[in-house]
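Scroll down for the structure; my scribbles are underneath it.
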Amino acid sequence: MVSQRGWIADRLRSGHEFKIGDDIWMLSGSPIKESQYTYFSRAVFECKIVHKREGIPSHAIVKIWMQTQKIAPLDPRHRRNSHDSGDSSHGSDSPPSNSDSPPLGSDPDAGSNSDFVFKQDWDRELECLNIMKKGYDEMKAAAVKEKVELLSKPFPHAIGLAVEKQEQNFPVQGGYLVYLVMEKLPGDCITEYEFWQWTKSERDDFRRAFEQSAQLIEKLGVENIDKAMRNLLWDKQNNKCYLIDWENWTTCNPDDPYPLPDLQCQYDMIRDLGPRMGQDRWDTD
Numbered sequence: 022m023v024s025q026r027g028w029i030a031d032r033l034r035s036g037h038e039f040k041i042g043d044d045i046w047m048l049s050g051s052p053i054k055e056s057q058y059t060y061f062s063r064a065v066f067e068c069k070i071v072h073k074r075e076g077i078p079s080h081a082i083v084k085i086w087m088q089t090q091k092i093a094p095l096d097p098r099h100r101r102n103s104h105d106s107g108d109s110s111h112g113s114d115s116p117p118s119n120s121d122s123p124p125l126g127s128d129p130d131a132g133s134n135s136d137f138v139f140k141q142d143w144d145r146e147l148e149c150l151n152i153m154k155k156g157y158d159e160m161k162a163a164a165v166k167e168k169v170e171l172l173s174k175p176f177p178h179a180i181g182l183a184v185e186k187q188e189q190n191f192p193v194q195g196g197y198l199v200y201l202v203m204e205k206l207p208g209d210c211i212t213e214y215e216f217w218q219w220t221k222s223e224r225d226d227f228r229r230a231f232e233q234s235a236q237l238i239e240k241l242g243v244e245n246i247d248k249a250m251r252n253l254l255w256d257k258q259n260n261k262c263y264l265i266d267w268e269n270w271t272t273c274n275p276d277d278p279y280p281l282p283d284l285q286c287q288y289d290m291i292r293d294l295g296p297r298m299g300q301d302r303w304d305t306d
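Per my numbering, residue 22 is the first one in the sequence shown, and the count goes up by one each step.
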């Protein structure tokens, strides 16, 4: 029986098909993670393309947003605390997108405030991934020209976005159902508890890999607002750290880098002891 709680996995199961541009994708297995909020649910699945074609990976990750309640038209005072960043336009190289839906939690049948511009979570994430890809491609071209080595890309690239309307037997008929397909990266999510159970040598390996990845992304002029270890992937075999989950982000000045100890502390990979006379402030043990 379908639950009324709004969990995406109650309605979209392994084998469910959806379309991104001209490609059909299929969900694989159970959600990797799933969360429910007041007005929407969000889940991450693995997925695979139904008809493989050149240039499109056969396996990927899809993040899904599903509206679960109707509310009054969005009021600017109720806006989520996240960055409304930059120019939302995408060049011709951008992944396919048909995003034309109401903001998270808005009523699809209600009018909108024409004086208020709101960027949906999925649009913000797609925009950020496109900005990083464009910047990285430019860095890569320059590195090839100058014959210097460049760190491999430490973030996923976007494959495509589709914004659909819910059908009957979904929480909000006519409400949004959004699919953002992204590159599947190697590695595992780890928890803070797992991290602090590692040996110091293992933690230091992770910190060094994170430092390299974070510094490269900083050079691309973006910063993740949601700094948490759950938004990192650790590919231990290749000693590579990836930064994921870019719904909430802001621009940054590449020439004014974020202090590394502060950044590592926010990701809970070192501890801040505070200024104490005769002691180091940062605890890495």
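Using N, Cα and C, we set each Cβ at its ideal position, and we do this for glycine too.
Practice task
Could you name the residues that DSSP lists as bridge partners for lysine 261?
Solution key: Taking the first residue of the sequence shown as 1, we reach residue 261 at position 240. Answer is Asp256, bridged to lysine 261.
Could you pull the start and end residues of the alpha helix (DSSP H) that lysine 166 belongs to? Along the sequence shown, one-based indexing puts residue 166 at 145. The continuous alpha helix (DSSP H) containing lysine 166 extends over residues 142-167.
*Assign isoleucine 29 to one of three DSSP states: helix, strand, or coil.*
Locating residue 29 in the sequence shown gives position 8, where the first residue counts as 1. Here isoleucine 29 sits in helix by DSSP.
Sequence-distant residues of its chain with Cβ nearer than 8 Å to serine 135 (five each side left out): Stepping through the sequence shown from its first residue, residue 135 is reached at position 114. Note that serine 135 scores 40 on pLDDT, short of 50, meaning its location in the model is unreliable and no value can be drawn from it.
Grab me the residues of glycine 50's own chain with a C-beta within less than 8 Å of its C-beta, minus the 5 sequence neighbours each way, in chain order. For the purposes of this step, residue 50 is taken as the residue at position 29 of the sequence shown. Closer than 8 Å at Cβ, skipping near neighbours: Ser35, Phe66, Glu67.
Boundaries of the alpha helix (DSSP H) in which lysine 221 is found, first to last residue
Residue numbering aside, residue 221 sits at position 200 when the sequence shown is read from its first letter. From DSSP, the alpha helix (DSSP H) with lysine 221 extends over 221-240.
ask   = Going straight from the alpha carbon of leucine 147 to that of alanine 179, what length do you get?
value = Working through the sequence shown from its first residue, we reach residue 147 at position 126. Working through the sequence shown from its first residue, we reach residue 179 at position 158. Spanning the two alpha carbons is a distance of roughly 7 Å.
How is tyrosine 214 classed by DSSP in three states: helix, strand or coil? Along the sequence shown, read from residue 1 onward, the residue named residue 214 stands at position 193. Look at tyrosine 214 here: in three-state DSSP terms it is helix.
Q.
Taking 7 Å as the limit between beta carbons, can you name the residues of its chain near proline 275, skipping five residues before and five after?
A. The count along the sequence shown starts at 1 and reaches residue 275 at position 254. The beta carbon of proline 275 lies closer than 7 Å to those of Glu239, Lys240, Gly242 in the same chain, with the five residues before and after it left out.
Verify whether the separation of the beta carbon atoms of serine 79 and isoleucine 70 is less than 8 Å.
Residue mapping note: residue 79 aligns to position 58 of the sequence shown, counting from 1. Residue mapping note: residue 70 aligns to position 49 of the sequence shown, counting from 1. A contact, by the Cβ cut-off of 8 Å.
- Message: So, for serine 109: in the same chain, excluding its five sequence neighbours on each side, which residues have a beta-carbon less than 7 Å away from its beta-carbon?
- Response: Position 88 of the sequence shown, counted from the start, is the residue given in the question as residue 109. Reliability of the predicted coordinates at serine 109 is poor, the pLDDT of 35 falling under 50, and the value obtained from them is presented with this limitation in mind. Counting only Cβ-Cβ distances below 7 Å, and skipping sequence neighbours, we find Lys140, Asp144, Glu148.
field: Collapsed DSSP secondary structure at proline 207 in the structure displayed
entry: For the purposes of this step, residue 207 is identified with residue 186 of the sequence shown, where counting begins at 1. In the three-state reduction of the DSSP assignment, proline 207 falls in the coil class.
Query raised in the report: Among residues of its own chain, excluding the 5 on either side of lysine 174, which ones have a beta-carbon nearer than 6 Å to its beta-carbon?
Result: By one-based count along the sequence shown, residue 174 stands at place 153. Within the same chain, lysine 174 has close Cβ partners Tyr157.
With DSSP collapsed to three states, give me the class of leucine 281. Walking along the sequence shown from the start, residue 281 turns up at place 260. Of the three classes helix, strand and coil, the one that applies to leucine 281 here is helix, per DSSP.
*Measure the CB-CB distance between glutamate 204 and alanine 81 and report whether it falls below 8 Å.*
On the sequence shown, residue 204 is found 183 positions in, with the first residue counted as 1. On the sequence shown, residue 81 is found 60 positions in, with the first residue counted as 1. In this structure, glutamate 204 sits near alanine 81, with a CB-CB distance shorter than 8 Å.
Practice prompt. Can you tell me which of the three DSSP states cysteine 68 falls into?
Written response: In the sequence shown, the residue the question calls residue 68 occupies position 47. DSSP places cysteine 68 within a strand segment (E or B) once states are collapsed to three.
Please name the residue or residues paired with tyrosine 197 in a DSSP beta bridge.
-> Working through the sequence shown from its first residue, we reach residue 197 at position 176. Bridge partners of tyrosine 197: Lys186.
**Prompt:** Given glutamine 233, which residues of its chain have a CB within under 8 Å of its CB, disregarding the five upstream and five downstream residues?
**Reply:** Residue 233 sits at position 212 when you count from the first residue of the sequence shown. Closer than 8 Å at the Cβ level, and outside the excluded window around glutamine 233, lie Leu172, Pro175, Cys262.
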